Amino acid sequence: MEFIVERAMSSMPQQEEFDQVGQANIRVIGVGGAGNNMVGWLYKKGIKGAEIIATNTDHQHLNITGADRKFLIGKDCTRGLGCGGFPSRGAEAAQESLAILKECLKGSDMVFVCAGMGGGTGTGAAPVVAQVAKDTGSIVIGTVTMPFNIERARCDKAEFGLQQLRQVTDTVIVIDNNRLVQIAGNLPIQQAFAVANELIATMIKGIVETIAVPSLVNLDYADVKAIMTNGGVAAIGVGSSDTNNRVDEAVKGALSNPLLDINYEGATGALIHITGGPDMTLDEVSRI
Numbered sequence: 001m002e003f004i005v006e007r008a009m010s011s012m013p014q015q016e017e018f019d020q021v022g023q024a025n026i027r028v029i030g031v032g033g034a035g036n037n038m039v040g041w042l043y044k045k046g047i048k049g050a051e052i053i054a055t056n057t058d059h060q061h062l063n064i065t066g067a068d069r070k071f072l073i074g075k076d077c078t079r080g081l082g083c084g085g086f087p088s089r090g091a092e093a094a095q096e097s098l099a100i101l102k103e104c105l106k107g108s109d110m111v112f113v114c115a116g117m118g119g120g121t122g123t124g125a126a127p128v129v130a131q132v133a134k135d136t137g138s139i140v141i142g143t144v145t146m147p148f149n150i151e152r153a154r155c156d157k158a159e160f161g162l163q164q165l166r167q168v169t170d171t172v173i174v175i176d177n178n179r180l181v182q183i184a185g186n187l188p189i190q191q192a193f194a195v196a197n198e199l200i201a202t203m204i205k206g207i208v209e210t211i212a213v214p215s216l217v218n219l220d221y222a223d224v225k226a227i228m229t230n231g232g233v234a235a236i237g238v239g240s241s242d243t244n245n246r247v248d249e250a251v252k253g254a255l256s257n258p259l260l261d262i263n264y265e266g267a268t269g270a271l272i273h274i275t276g277g278p279d280m281t282l283d284e285v286s287r288i
């Protein structure tokens with residue numbers, strides 16, 4: 001038996017470059033200030049297999065956001081000065097720019113719509129953007145943050161915006177900013193928000209690269225589509241470890257992520273994405 005293992009080790013294929021033929025067309029679009037921060041973080045982190053797009057009513061914020069493509073919406077109704085916290089104006093801005101949005105998202109197979117709920121642009125425009133994406137026939141996944149409880153003026157708007165978004169998306173991933181206090185309460189506010197952006201970027205990168213990057217046990221677009229289509233509210237956990245107890249620690253971290261309100265009861269499906277070094281064993285994968 002040992003000689004079979006030795007032959008397998010010496011005959012392992014080298015990684016090859018793959019062209020774009022047959023690949024799913026995936027886009028990640030950030031809407032509004034918080035959404036721009038999310039996609040900007042993802043763009044900086046780097047992702048294979050998706051186009052990063054930023055859109056906003058705030059011209060100044062949009063200019064400093066990193067993305068493959070970015071454009072201003074609602075030029076006439078906001079003049080590039082933002083929505084002043086009014087979701088109705090955000091929706092109006094998106095409606096004004098429907099032609100641009102349709103052109104931007106046409107041909108998509110999967111679209112992530114990233115936004116912060118409670119403000120003007122993200123709350124009002126994100127559901128419009130999601131509807132445009134839905135009309136292309138793509139899977140639409142909303143990724144949103146909810147405001148702190150102390151932001152009382154934003155909370156009601158956020159709940160309304162989330163309700164609107166859930167009606168036009170297949171799956172929504174919700175991150176509650178109040179949970180940031182539990183794990184990053186002592187950090188400067190900019191670093192605390194970076195924690196949330198890193199989690200969101202890691203989640204999206206994991207889903208996209210599960211589809212786009214060939215792996216030993218390959219999951220394709222159809223597999224992910226079957227899980228995500230009409231999936232409702234999703235809970236996604238991320239865990240990692242490099243210790244001798246790395247399997248247990250990584251799984252425990254994924255199942256108890258403090259930024260997500262995770263309840264696994266009644267879940268209709270699960271997508272498990274495992275990334276490891278060349279020393280990861282078959283036994284470890286089986287245990288996960």
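Anchor point for the sequence shown: position 229 equals 229 in my numbering, and the numbering is continuous, going up by one each time. Note that CB positions come from ideal geometry on N, CA and C, so glycine has one too. A quick note: this is a predicted structure, and the numbers were derived from the prediction, not measured.
Within the chosen definition, does the stretch 237 to 255 reach the stretch 176 to 195 through at least 3 CB pairs nearer than 8 Å? no
Would you identify the three-state DSSP class for Asn36, choosing helix, strand or coil? helix
Top-ranked residue by Cα proximity to Ile292, from Ile173, Ala196, Arg179: Given that the chain is displayed from residue 1 to residue 288, the structure contains no residue 292 and the question cannot be resolved.
Keeping to the same chain, check which residues put their C-beta closer than 8 Å to that of Gly122; ignore five residues upstream and five downstream. Val31, Gly32, Gly33, Ala34, Gly35, Gly90, Ala115, Gly116, Val144, Gly161
Where does Thr171 fall in DSSP's three states? strand
Any 3 or more C-beta pairs closer than 8 Å across the stretch 81 to 90 and the stretch 100 to 109: no
For His59, tell me which candidate among Arg69, Ile53, Glu51, Thr78 has the shortest Cα-Cα distance. Thr78
Short check: CB of Leu72 to CB of Asn56, under 8 Å? yes
Whose C-alpha, out of Ala201, Val129, Lys70, Glu96, is nearest the C-alpha of Val140? Val129
Starting from the N-terminal side, write out each stretch of the alpha helix (DSSP H) that is 4 residues or longer and does not extend beyond the stretch 65 to 99. 75 to 78, 87 to 96
Let me check one thing: in DSSP terms, what residues is Phe112 bridge-paired to? Val28, Ile141
Given Leu180 as reference, the closest of Phe148, Asp156, Gln164, Val213 once Cα atoms are compared: Phe148
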